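Visitor: So the sequence lines, in the order shown, correspond to chains D and B.
The first sequence: position 173 = 173 (our numbering), numbered continuously.
The second sequence: position 17 = 199 (our numbering), numbered continuously.
Beta carbons: idealized from backbone N, C-alpha and C, even for Gly.
For clarity, every value in this text was computed on a predicted model and none was experimentally measured.
The structure's right below; bear with me while I get my questions together.
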Amino acid sequence: MPLLSRPDGTVRQRINRRPSVIVASALPWLTVIAGSIMPGWLLIASAPVLPPLGFLVFLAWRQLRPGLLPMWAGLPLGMVDDLFSGAPFGTAVLLWSVAAIVLDNVETRLPWRNFLTEWLVAIGLIIAYMVLCLGIANIAGAAAFIDVIFPQVFISVLFYPLVGRFVALADRVRLTAFVAAR
Amino acid sequence: MAPPANRRSGFSRRAQYSTFLHYAAGFIGAVVGLILLVVSIVNPDAFSILRGAASDVTESPAQVVAQGRGASQNFITTVAGFFKTGSQHARLERELAEAKLRLVETQAIRLENARLKQLMNLHEDDAQPVAYARMVGSTASSTRRFATLGAGRDRGVAKGMPVRSHMGLVGRVLEVGASSARVLLVTDTESVVPVRRARDGVPAFAQGVGDGTIRLRLLNLGLNPLRPGDVMVTSGSGGLYRPGTPIAVVAQLLRDGAIARVLSNPSDTDYVVVEKAWAPPPPPPLPVVDAKSRKR
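This is the structure:
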């Protein structure tokens, strides 16, 4: 059935369509950048409570579609995150790049993939990321104890599957065919 | 599910090279990050222009979100108030009766104060606010406690100015952009504020812990004179913060100080006041007059 009539009477072609190249290539980057910027707007926090959403989205994209974001994606995306995160500039550039390399290595060694293993790998990376962020911030002048980040680690670890669902949704939007193919 | 097979480059030269280049690019990203990190640790102000530009760009959407945040807080307060109205009304009546008594006492004290000041020839310099602005954002997912202010160089905000709300001290301006500024909150671990007890002036330092509380360190070691419920105000030492600005209430005693709760909780703070630094910076050291020029 090449033609599909809508309730409002317009007729729309369903086959012979393809996803927009711009949306398909830009959406992963945009979601990561939004994840970096949004947590700062939600509340004026007096303690670290919100998960590092930018890093979680970055991780989820790399797990869902390895190779969609290139290996060097940590460089520009980490820079954007550093501008808004409050950590010393360069923290996210370094840690996101290293996380991408580590994740790639782990995934080539793991013989299978399922929800639990992916989550466990992500948990390891998230905890390492937060502890290293704290350490780097402390080197650069802060003096926070490690128990400050416990609630945040807990929230992030539980929040990660939800981020994964969101990224899967974004991936479906990314590949929705709505541009007429020539 | 097995990992995708196209990871293995096989005998294809092209695939091998592209895999290698991707890894090399990843490593270069990490190295660049390390260099940036070293630069920003050695010189923390190195990227402040970039950060200022970034917060300027996102300032107007952040203002919109901040308005929504305020509206939703008001809504929750309204609903909560509906349930608490009876007991609150009774308590307020009790407090009003007490306050009326206190008011009379305060008026007497104010008159006496004015008379004594006249006697000593002191004149009052009122805090001249530089700007009123909204807190538009914060670093909610980092261990550092920075907030973004919706006013910058365009409204006269400069580096080092103290920021307060009607409840108490909030922090001080750290970096200034064109239309936004970055504020170091008093709960950050790098923020140290000289304080004294409001009642009798026991001096202490207030340093942030990073989890929303403040650690008070007494200057004089010995018996800990602090008691839960004591109000700490800024002492004005160092010349940055105007003396007498309330900052925190003692919550829990420690051996050599206390843990205190911040009075102006930043999450409840909507609008803040940016003030001038209290005292002017100290004059530069006198120029050294060398012997030759003195002879002439």
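Per DSSP, which one or two residues make a beta bridge with phenylalanine 328 of chain B?
Guide: DSSP output for phenylalanine 328 of chain B lists B/Leu366 as bridge partner(s).
Visitor: From valine 339 of chain B to proline 448 of chain B, what distance separates their C-alpha atoms?
Guide: Their backbone Cα atoms lie some 19 Å apart in a straight line.
Visitor: Please state whether DSSP places tyrosine 129 of chain D in a helix, a strand or coil.
Guide: In this structure, tyrosine 129 of chain D counts as helix in the three-state DSSP scheme.
Visitor: How far does the alpha helix (DSSP H) with glutamine 152 of chain D in it reach, from first residue to last?
Guide: Where glutamine 152 of chain D is concerned, the enclosing alpha helix (DSSP H) stretches over 150-174.
Visitor: Just checking: is the beta-carbon of valine 344 of chain B within a distance shorter than 8 Å of some beta-carbon in chain D?
Guide: A small correction: the amino acid at residue 344 of chain B is proline; valine does not occupy that position in the sequence shown. By this cut-off, proline 344 of chain B is not an interface position.
Visitor: What does the alpha-carbon distance come out to for the pair proline 51 of chain D and serine 323 of chain B?
Guide: Distance between the alpha carbons of proline 51 of chain D and serine 323 of chain B: 6 Å.
Visitor: Are serine 222 of chain B and alanine 228 of chain B closer than 8 Å when you measure CB to CB?
Guide: Yes, the pair counts as a contact, with Cβ atoms nearer than the cut-off.
Visitor: With DSSP as the reference, label phenylalanine 178 of chain D as helix, strand or coil.
Guide: Three-state result, phenylalanine 178 of chain D: strand.
Visitor: Do valine 93 of chain D and glycine 234 of chain B have their C-beta atoms closer together than 8 Å?
Guide: No, Cβ-Cβ distance for valine 93 of chain D and glycine 234 of chain B is not below 8 Å.
Visitor: With H, G and I counted as helix, E and B as strand and the rest as coil, what does DSSP make of valine 49 of chain D?
Guide: Looking at valine 49 of chain D - three-state DSSP - the assignment turns out to be coil, as it is neither helix nor strand.
Visitor: Between the C-alpha atoms of glycine 418 of chain B and leucine 125 of chain D, what's the straight-line distance to the nearest angstrom?
Guide: The alpha-carbon atoms of glycine 418 of chain B and leucine 125 of chain D are separated by roughly 45 Å.
Visitor: For leucine 56 of chain D, tell me which candidate among D/Ala24, D/Ala143 and D/Ala128 has the shortest Cα-Cα distance.
Guide: The shortest C-alpha separation from leucine 56 of chain D is found at D/Ala128.
Visitor: Quick one: is isoleucine 15 of chain D buried, meaning 16 or more other Cβ sit within 10 Å of its Cβ, or exposed?
Guide: With fewer than 16 Cβ atoms within 10 Å of its Cβ, isoleucine 15 of chain D is classed as exposed.
Visitor: At a CB distance below 8 Å, what residues from the segment 150-164 of chain D approach chain B? Give them in sequence order.
Guide: Hits within the stretch, in order: Gln152.
Visitor: Let me know if serine 194 of chain B comes out buried or exposed under the rule of 16 or more other beta-carbons within 10 Å of its beta-carbon.
Guide: Classification for serine 194 of chain B: exposed.
Visitor: Return the CA-CA distance between arginine 273 of chain B and glycine 332 of chain B, expressed in angstroms with no decimal places.
Guide: Cα-Cα distance, rounded: 37 Å.
Visitor: Please confirm whether arginine 152 of chain B has its beta-carbon closer than 8 Å to some beta-carbon of chain D.
Guide: Absent from the model: residue 152 of chain B. The displayed extent of chain B is 183 to 478, so no value can be given.
Visitor: Counting only Cβ pairs nearer than 7 Å, list the residues of chain B close to alanine 87 of chain D.
Guide: Simply Ser324 and Arg326.
Visitor: Would you call methionine 130 of chain D buried or exposed, if buried means 16 or more other Cβ atoms sit within 10 Å of its Cβ?
Guide: Classification of methionine 130 of chain D: buried, given that the 10 Å Cβ count is 16 or more.
Visitor: With serine 320 of chain B as the anchor, note down where its alpha helix (DSSP H) starts and where it stops.
Guide: Where serine 320 of chain B is concerned, there is no enclosing alpha helix (DSSP H), although the beta strand (DSSP E) it sits in stretches over 311-320.
Visitor: Excluding the 5 residues flanking proline 467 of chain B on each side, which residues of the same chain have their C-beta closer than 7 Å to its C-beta?
Guide: So the list is empty, once near-sequence residues are dropped.
Visitor: Tell me, please, whether the CB atom of aspartate 393 of chain B is closer than 8 Å to any CB atom in chain D?
Guide: So yes, aspartate 393 of chain B belongs to the interface.
Visitor: Would you call isoleucine 429 of chain B buried or exposed, if buried means 16 or more other Cβ atoms sit within 10 Å of its Cβ?
Guide: Looking at its Cβ environment, which holds 16 or more other Cβ atoms inside 10 Å, isoleucine 429 of chain B is buried.
Visitor: If you run the structure through DSSP and keep just helix, strand and coil, what is tyrosine 423 of chain B?
Guide: Correct three-state label for tyrosine 423 of chain B: coil.
Visitor: Please classify leucine 83 of chain D: is it buried, with 16 or more other beta-carbons within 10 angstroms of its beta-carbon, or exposed?
Guide: So leucine 83 of chain D ends up on the buried side.
Visitor: So is arginine 379 of chain B buried or exposed if we call it buried at 16+ other beta carbons inside 10 Å?
Guide: Answer is buried; the Cβ neighbour count reaches 16.
Visitor: Using 8 Å as the threshold, is the C-beta distance between threonine 325 of chain B and glycine 392 of chain B below it?
Guide: For threonine 325 of chain B and glycine 392 of chain B, yes; Cβs fall inside 8 Å.
Visitor: Would you kindly work out how many angstroms separate the C-alpha atoms of alanine 248 of chain B and alanine 388 of chain B, rounded to a whole number?
Guide: Roughly 29 Å between the two C-alpha positions.
Visitor: If I measure Cβ to Cβ from arginine 18 of chain D and keep anything under 7 Å in the same chain, skipping five residues before and after, which residues do I get?
Guide: These residues qualify, in order along the chain: Ala177, Val179 and Ala181.
Visitor: Would you verify that the beta carbon of threonine 91 of chain D is, or is not, closer than 8 Å to some beta carbon of chain B?
Guide: Yes, contact with chain B.
Visitor: Start and end of the alpha helix (DSSP H) containing valine 224 of chain B?
Guide: Where valine 224 of chain B is concerned, the enclosing alpha helix (DSSP H) stretches over 195-224.
Visitor: Between D/Val23, D/Leu77, D/Gly67 and D/Ala47, which lies nearest to glycine 35 of chain D when the distance is taken from Cα to Cα?
Guide: Minimum Cα distance to glycine 35 of chain D is reached at D/Leu77.
Visitor: Among B/Ala440, B/Glu357 and B/Ala386, which one has its Cα closest to the Cα of serine 230 of chain B?
Guide: It is B/Glu357 whose Cα lies nearest to the Cα of serine 230 of chain B.
Visitor: Considering just the uninterrupted stretch of the beta strand (DSSP E) at leucine 103 of chain D, what are its terminal residues?
Guide: Premise fails: leucine 103 of chain D lies in the alpha helix (DSSP H), 91-109, not in any beta strand (DSSP E).
Visitor: Can you tell me whether DSSP reads alanine 290 of chain B as helix, strand or coil?
Guide: Alanine 290 of chain B falls in the helix class under three-state DSSP.
Visitor: Do the segment 101-121 of chain D and the segment 132-141 of chain D make contact, defined as three or more Cβ pairs closer than 8 Å?
Guide: No, the segment 101-121 of chain D is not in contact with the segment 132-141 of chain D.
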